[in-house]
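Comments concern the structure below.
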Amino acid sequence: MAATTTAEKLPPPDGTRAMMISMREMDAMGLKTGSGLRETVASRTFSKAQVLQEIAQVGFMCPFHEYRADIAKLQGDDLLIVADPHETYGENWLVCLTRKAFETQSELLAQRERERLEELAAQAKAASGADADDLASIGYEDRPMLARAWLSTSAKETCDEIKLSLTKMSDEFNAECKFSDRDADQCFVEWRQHKDPNYELTRLEQDVGLQGIPELVDGSTQTSWFRSVNSALQYEPIVMDTATRQDEMDAEKMQAFLQRTLPLVEQALQQNETLDIFLDPFAMLNEEDPMLSSKNENAIKELRSFTDLVYSKNKTLPAVDWHPKKNGVVAVAAAANVNFARRLDLLDKIDSSFILIWNFVDLIHPQLMLEAPQDVLTLRFNPSQPHIIAGGLYNGQVLVWDFVKAEHLISKGKSKHASATKRSSSSSSARQHDEPPKPIPPVKPTFVSYIDASHRRPVGDLLWLPAGMEVNNRGHLVQTTDATVNQFVTIAGDGQVSFWDLRFKDPKYRGITRAKVDKNAAKDAPPEVHFIPIYSIVLTKVESPGELGLKCFCFEKQKEDSVGGGQIFSSRFYCGTEEGEFVYADWRPHAATKLASSGDAGSGPRGSAHRDGEDGGGEDGVEYVQWICRDHFRPAVGLCASPFFPTIFLTASEANFHLWNVSQHKASDANGPIFMSPLSLVTITCVAFSPTRAGVIYVGKSDGMLEVWDFMDQSHRASLSVGVTACALTSIEFRPLVSSASSNSGGASASSSTGSSAVSGTGAVGADAGKPHQSALSSSPANGAGGAGSTGLNVKQQLVAIGDQIGNLHILEIPRTLARASSGERQAMEAKQ
148 MAATTTAEKL PPPDGTRAMM ISMREMDAMG LKTGSGLRET VASRTFSKAQ VLQEIAQVGF
208 MCPFHEYRAD IAKLQGDDLL IVADPHETYG ENWLVCLTRK AFETQSELLA QRERERLEEL
268 AAQAKAASGA DADDLASIGY EDRPMLARAW LSTSAKETCD EIKLSLTKMS DEFNAECKFS
328 DRDADQCFVE WRQHKDPNYE LTRLEQDVGL QGIPELVDGS TQTSWFRSVN SALQYEPIVM
388 DTATRQDEMD AEKMQAFLQR TLPLVEQALQ QNETLDIFLD PFAMLNEEDP MLSSKNENAI
448 KELRSFTDLV YSKNKTLPAV DWHPKKNGVV AVAAAANVNF ARRLDLLDKI DSSFILIWNF
508 VDLIHPQLML EAPQDVLTLR FNPSQPHIIA GGLYNGQVLV WDFVKAEHLI SKGKSKHASA
568 TKRSSSSSSA RQHDEPPKPI PPVKPTFVSY IDASHRRPVG DLLWLPAGME VNNRGHLVQT
628 TDATVNQFVT IAGDGQVSFW DLRFKDPKYR GITRAKVDKN AAKDAPPEVH FIPIYSIVLT
688 KVESPGELGL KCFCFEKQKE DSVGGGQIFS SRFYCGTEEG EFVYADWRPH AATKLASSGD
748 AGSGPRGSAH RDGEDGGGED GVEYVQWICR DHFRPAVGLC ASPFFPTIFL TASEANFHLW
808 NVSQHKASDA NGPIFMSPLS LVTITCVAFS PTRAGVIYVG KSDGMLEVWD FMDQSHRASL
868 SVGVTACALT SIEFRPLVSS ASSNSGGASA SSSTGSSAVS GTGAVGADAG KPHQSALSSS
928 PANGAGGAGS TGLNVKQQLV AIGDQIGNLH ILEIPRTLAR ASSGERQAME AKQ
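All residue numbers for the sequence shown refer to the working numbering, where the first residue is 148 and numbers rise by one.
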């Protein structure tokens with residue numbers, strides 16, 4: 148065969164053994180001649196004593212270790228190894244272990260060297276013969292001789308050398324020399340400028356025009372030509388006889404069509420014929436406002452702009468919330484303005500995040516700062532106890548701050564500063580007391596959720612439960628007469644909906660997962676009550692496995708009880724997901740089924756308060772998702788309920804926003820939005836309903852523009868666009884009415900940083916529960932007006948807080964034409980549904 152395959156290796160010659168030497172070992176022993184695997188020397192002779200010494204020192208790491216016994220018996224002092232680059236005998240080297248093998252391989256090596264030298268001599272002889280043949284084949288070319296200048300190669304060597312002799316007078320020898328300093332400007336000779344006419348240059352100006360356009364090409368086109376033809380068309384109505392006409396009228400399709408359209412036609416006719424005979428048309432003329440008629444009347448003005456150079460500059464503001472009882476106080480969360488990849492690089496660094504509480508009195512320094520271990524993505528004031536704020540973090544944990552002590556310090560510092568100012572005004576040493584109050588240190592969180600029982604992904608939204616409504620540890624609704632709000636709900640991208648109670652240290656308010664958390668704790672550790680959800684469920688996909696990535700949510704509106712005159716609380720809610728879906732869910736679906744079968748409408752408190760021991764919370768096999776609809780093709784950025792119509796919801800994604808009417812719950816394939824806005828060229832970041840006008844929607848975009856959609860004016864495009872800033876808008880929140888927020892009504896805020904509506908209510912933490920609290924965040928005592936006199940703000944003003952991507956909080960004033968509803972606007976919008 149031409150080549151020896153791996154399976155047909157030849158046995159090594161007598162007295163030799165095949166040996167494997169790696170590349171690193173060959174470099175160490177000087178066997179390599181190049182970088183290739185086969186670029187080695189033909190053979191190498193080693194000293195037997197040195198090889199045995201290396202075996203003793205290195206051990207099995209030496210390539211000769213396997214043959215140490217044979218090497219010790221070898222006669223002579225030399226050990227020969229021969230290269231086998233083609234691995235003919237199985238390995239890349241042969242080691243000679245007998246004297247006979249040593250002599251045989253040495254003769255073979257000498258013979259190979261002689262053959263190589265003979266081959267080189269033959270090649271040299273052949274090359275010399277080829278050169279002679281080349282010289283013999285050279286032809287003679289007769290070229291003319293050209294005369295050139297003579298160049299001498301020895302002219303420089305034959306020229307006479309010049310002799311130079313330098314002499315000096317004898318008197319100047321050994322003379323004394325005196326040296327002195329001289330400035331640098333004395334070492335040169337001035338040469339004044341003069342005009343040399345021989346070097347004058349004359350430049351001519353030339354106008355040249357350049358234009359980078361394609362060349363002009365003449366072209367023409369001609370459409371297809373058809374000759375004109377005279378034609379006529381004649382038609383006649385379809386004539387039916389009496390029997391056929393009667394059959395068509397009695398058909399099922401006709402009956403179904405009439406039954407479907409008759410109520411709509413009757414409603415339209417009744418609306419056209421209905422009028423208020425007691426209405427004075429002249430008295431109602433003052434209420435009619437022109438819709439966006441004048442630019443001056445529709446200008447949205449910026450009243451305040453807050454930013455902190457240390458804690459909020461160049462940071463994004465994902466959440467904003469107004470103080471529910473005091474005028475001119477707003478809280479904003481500042482988060483790092485980085486993407487997901489950058490967050491992974493910063494995991495090993497500990498960087499605190501802060502919630503800044505701004506007061507309109509001080510535009511430079513925040514009145515309070517709440518510290519958090521991670522970026523805060525959502526926050527809400529407790530509606531009844533505004534000194535309590537709940538927030539959700541990027542790592543899935545939930546925090547609660549109680550800054551009542553910080554408010555007392557602020558009020559005490561203000562009183563001391565006022566008294567010192569009063570004393571200094573009556574004394575001569577006025578400047579001794581003219582010192583600003585000391586800054587309040589950041590407030591640490593009061594409660595931090597247990598990490599193992601928190602969300603596994605960033606918290607998407609947070610809402611407080613309304614006053615009078617609570618959820619027990621099995622998810623049942625419980626009606627209470629307490630005016631305080633102690634529970635709130637959070638959602639996250641892991642599909643989990645968690646209910647939290649501020650009274651978790653009380654054993655009767657602890658969740659059913661408390662035993663699991665306490666069981667995992669160390670036995671010798673002191674007893675500790677962890678802050679965990681009282682009740683949790685996980686929303687899963689209907690047609691495919693996996694959890695729903697929840698982004699924002701809002702509760703279903705409360706219904707009036709026609710029998711008792713109270714309110715019927717509902718356990719149903721709406722969600723927007725990361726995949727753009729619109730979800731309708733119920734955290735107690737089996738309880739609602741039992742109530743419906745027993746004849747009780749809804750899942751009210753009377754029907755569910757006595758079922759606490761029936762079922763556990765968050766059971767497997769329960770369908771919490773009632774229906775799910777494909778809403779957007781990008782993640783939802785906002786979801787909020789209309790403050791005027793309980794069945795109208797606004798959903799938004801990066802491309803456009805939709806309006807939904809959920810008055811009739813249909814199958815998921817039959818549901819659809821009643822309005823779809825045109826696709827936007829700029830990414831939508833936040834949306835909100837107007838709290839005072841039923842037909843106005845505010846849309847924030849990534850280019851810093853705020854669009855106002857007035858459906859009483861037009862619906863195909865925005866009625867007004869206002870430039871707020873040069874960067875993206877991240878959150879939007881309208882100021883609630885102070886009068887309605889001070890009363891424990893549990894009304895809903897009209898907007899949200901994520902588009903959801905904040906459910907109002909009341910609440911307390913610890914020993915302060917149920918006690919009246921005087922907030923120090925207002926610049927004046929709480930007198931029902933919310934300190935409007937000190938801040939210079941009118942309570943009737945409609946203000947909106949907007950956060951941007953570089954850490955600025957903008958307070959805008961909505962003009963009268965956009966804040967005040969016209970007569971009949973709500974009825975007109977209700978008719979358009």
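Note that beta-carbon positions come from the ideal geometry of N, C-alpha and C, so glycine has one too.
Please read all numbers here as calculations on a predicted model, not as lab measurements.
Inter-residue distance for His677 and Ser596 is about 7 Å (C-alpha atoms, whole angstroms). When secondary structure is reduced to three states using DSSP, Asn506 falls in the strand class. In the three-state DSSP reduction, Gln340 falls in the coil class, being neither helix nor strand. When DSSP assignments are scanned along the segment 164-245, the uninterrupted stretches of alpha helix (DSSP H) that are 4 or more residues long and fall wholly within it turn out to be 170-176, 195-205, 215-220. The Cβ-Cβ distance between Phe702 and Ser683 does not fall below 9 Å.
Ranking Ala865, Gly696, Ile285, Leu853 by CA distance to the CA of Ala783 puts Gly696 first.
Per DSSP, Leu380 lies in no beta strand (DSSP E) and is assigned neither H nor E. When the Cα atoms are used, Asp599 and Asn484 turn out to be separated by approximately 27 Å.
Excluding its 5 nearest sequence neighbours in each direction, Phe249 has C-beta neighbours in its own chain below 6 Å: Leu227, Cys243, listed in chain order. Cβ contact annotation for Thr830 (same chain, cutoff 7 Å, sequence separation greater than five): Glu801, Lys848, Ser849, in chain order. Per the coordinates, the alpha-carbon of Met176 lies some 15 Å from the alpha-carbon of Gln200. Within 10 angstroms of the beta-carbon of Trp469 lie 16 or more other beta-carbons, which makes it buried. Less than 9 Å separates the beta-carbon of Thr872 from that of Ile953.
Of the residues assessed, Gly356 falls on the exposed side of the cut-off, its CB having fewer than 16 other CB atoms within 10 angstroms. Under DSSP, Ile535 forms a beta bridge with Asp549. Thr305 sits exposed, since fewer than 16 C-beta atoms from the chains shown fall within 10 Å of its C-beta. Where Leu609 is concerned, the enclosing beta strand (DSSP E) starts and stops at 606-611. Leu450 and Val412 have their alpha carbons spaced roughly 49 Å apart. In the same chain as Gly727, and ignoring 5 residues on each side of it, the C-beta atoms closer than 8 Å to its own belong to Arg777, Asp778, His779, Phe780, Arg781, Pro782, Ala783, Ser800, in chain order. Here Arg719 is bridged, per DSSP, to Asp733. Taking Arg882 as the centre and dropping the five residues before and after it, the same chain places the C-beta of Trp469, Leu946 closer than 6 Å to its C-beta, in chain order. In this structure, Ser531 lies away from Ala403, with their beta-carbon atoms at least 9 Å apart. Straight across, the Cα-Cα distance linking Lys943 with Glu617 is about 33 Å.
In the three-state reduction of the DSSP assignment, Pro654 falls in the helix class. Distance from Pro465 to Leu524 at the Cβ level is roughly 5 Å; contact confirmed, criterion being Cβ atoms closer than 8 Å. A Cβ-Cβ distance of about 31 Å is found for the pair Phe453 and Leu491, leaving them out of contact under the 8 Å criterion. The shortest CA-to-CA distance from Asp608 to any of Glu352, Tyr721, Pro654 is the one to Tyr721.
Look at the segment 452-532 and you find these whole runs of beta strand (DSSP E), each 3 residues long or longer: 463-469, 476-482, 500-506, 515-519, 523-528. In the structure shown, Ile879 adopts extended strand secondary structure according to DSSP, grouped into three states. With respect to the 9 Å criterion, Phe501 and Leu517 are classified as neighbours on the basis of their beta carbons. By the criterion of a C-beta distance shorter than 6 Å, Ile775 is surrounded in its chain by Val689, Glu728, Val730, Ser815, once the five residues flanking it on both sides are discounted. Going by beta carbons, Phe528 and Ile958 fall outside the 9 Å limit. Counting only the Cα atoms, Glu337 lies some 24 Å from Phe326.
Of the candidates Glu554, Trp611, Lys979, Glu554 places its Cα closest to the Cα of Pro586. A contact between stretches requires three or more CB pairs, one per stretch, nearer than 8 Å, and the segment 228-235 meets this requirement with the segment 185-204. As computed with DSSP, Ser868 is found in a beta bridge with Glu854.
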